[in-house]
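J.: If you're matching them up, the sequences are chains A and B in order.
My numbering applies: residue 66 is where the first sequence begins, and numbers increase by one.
My numbering applies: residue 4 is where the second sequence begins, and numbers increase by one.
Even glycine gets a Cβ: it sits at the ideal position worked out from N, Cα and C.
What you are looking at is a predicted structure, and each value in this text was computed from that prediction instead of being measured.
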Amino acid sequence: SQKIEQNSEALNIQEGKTATLTCNYTNYSPAYLQWYRQDPGRGPVFLLLIRENEKEKRKERLKVTFDTTLKQSLFHITASQPADSATYLCALGNYGQNFVFGPGTRLSVLP
Amino acid sequence: DARVTQTPRDKVTEMGQEVTMRCQPILGHNTVFWYRQTMMQGLELLAYFRNRAPLDDSGMPKDRFSAEMPDATLATLKIQPSEPRDSAVYFCASKAGGSYNEQFFGPGTRLTVL
Numbered sequence: 066s067q068k069i070e071q072n073s074e075a076l077n078i079q080e081g082k083t084a085t086l087t088c089n090y091t092n093y094s095p096a097y098l099q100w101y102r103q104d105p106g107r108g109p110v111f112l113l114l115i116r117e118n119e120k121e122k123r124k125e126r127l128k129v130t131f132d133t134t135l136k137q138s139l140f141h142i143t144a145s146q147p148a149d150s151a152t153y154l155c156a157l158g159n160y161g162q163n164f165v166f167g168p169g170t171r172l173s174v175l176p
Numbered sequence: 004d005a006r007v008t009q010t011p012r013d014k015v016t017e018m019g020q021e022v023t024m025r026c027q028p029i030l031g032h033n034t035v036f037w038y039r040q041t042m043m044q045g046l047e048l049l050a051y052f053r054n055r056a057p058l059d060d061s062g063m064p065k066d067r068f069s070a071e072m073p074d075a076t077l078a079t080l081k082i083q084p085s086e087p088r089d090s091a092v093y094f095c096a097s098k099a100g101g102s103y104n105e106q107f108f109g110p111g112t113r114l115t116v117l
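What follows is the structure, given as structure tokens:
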């Protein structure tokens, strides 16, 4: 069955450092991968999309990589700030297959 | 600005009661999703609709859950009878046509079944 893993349930880093979150998947052939941010008591909010034929995408302090050979995506937040503290979810999609979310990683950026 | 709305925001009910959750997708979005989120299972897809037609409800317990879209501005998720294990946050999301488009999530309905 399809399985998505995200590196750890929780990640603590110091303000100003780069946070790196990992998303690994098995038994799925995604055409694209999305990253979402979820704050407590709220619904997920879309951040970035990367397609299977793209290696890297950037948006301001965010960078996403996608390696379909390793079946892995890395999500980086550079110059992290306490306001970046949230749960980050990766999600896989493909035509004809259900859209699937990972379990999420709770990021805490410490001042 | 356009957003997905859900009602009620919180619902506490007793086991065996019927629960109906409502969602208003963003105007013009043709795909609507229902998700359930718990600490143990994370975010699970229950069902989704495209152009009001149900495309997949394989994630939904069929015996007690039902999802409908009576019109393009309303999606409903009903649980009858409810059980304590149904306690979770239920999210509705919508997106415009096109596989790659992002999903816009509502604020969720927190359901507690006693």
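(1) Determine, for residue 102 (chain A), whether the minimum Cβ-Cβ distance to residues of chain B falls below 8 Å.
(2) Using DSSP bridges, identify the partner residues of residue 57 (chain B).
(3) To be precise: take each residue of the region 48-73 of chain B, compare its Cβ to all Cβ atoms of chain A, and keep it if any distance is under 7 Å. Which residues remain?
(4) Please report the straight-line C-alpha distance between residue 108 (chain A) and residue 134 (chain A), rounded to a whole angstrom.
(5) Residues of chain A with a CB under 9 Å from the CB of residue 103 (chain B): which are they?
(6) Hey, is residue 140 (chain A)'s beta-carbon within less than 8 Å of any beta-carbon in chain B?
(7) Do residue 97 (chain A) and residue 69 (chain A) come within 8 Å of each other at the CB atom, strictly closer than that value?
(8) Express the C-alpha separation of residue 85 (chain B) and residue 158 (chain A) in angstroms, rounding to a whole number.
(9) What would DSSP say about residue 13 (chain B), mapped onto helix, strand or coil?
T.: Let me spell this out:
(1) Here residue 102 (chain A) corresponds to residue number 37 of the first sequence, with the count starting at 1. Output row for residue 102 (chain A): interface = no.
(2) Position 54 of the second sequence, counted from the start, is the residue given in the question as residue 57 (chain B). Answer by DSSP bridge pairing, in chain order: B:52.
(3) Going along the region 48-73 of chain B in chain order, one finds 48 and 59 with a Cβ nearer than 7 Å to chain A.
(4) Here the question's residue 108 (chain A) lines up with position 43 in the first sequence. Here the question's residue 134 (chain A) lines up with position 69 in the first sequence. Rounded to the nearest angstrom, the two C-alpha atoms are 31 Å apart.
(5) Stepping through the second sequence from its first residue, residue 103 (chain B) is reached at position 100. Within chain A, the residues near residue 103 (chain B) are 96, 97, 99, 114, 116 and 158.
(6) Here the question's residue 140 (chain A) lines up with position 75 in the first sequence. It does not; no Cβ of chain B falls within 8 Å.
(7) Mapped onto the first sequence, residue 69 (chain A) falls at position 4. Mapped onto the first sequence, residue 97 (chain A) falls at position 32. Taking the C-beta atoms as reference points, residue 97 (chain A) is found no nearer than 8 Å to residue 69 (chain A).
(8) Sequence index remark: in the first sequence, residue 158 (chain A) carries index 93 (1-based). Sequence index remark: in the second sequence, residue 85 (chain B) carries index 82 (1-based). Approximately 31 Å between the Cα atoms of the pair.
(9) On the second sequence, position 10 is the one that residue 13 (chain B) refers to. In the structure shown, the three-state DSSP call for residue 13 (chain B) is strand.
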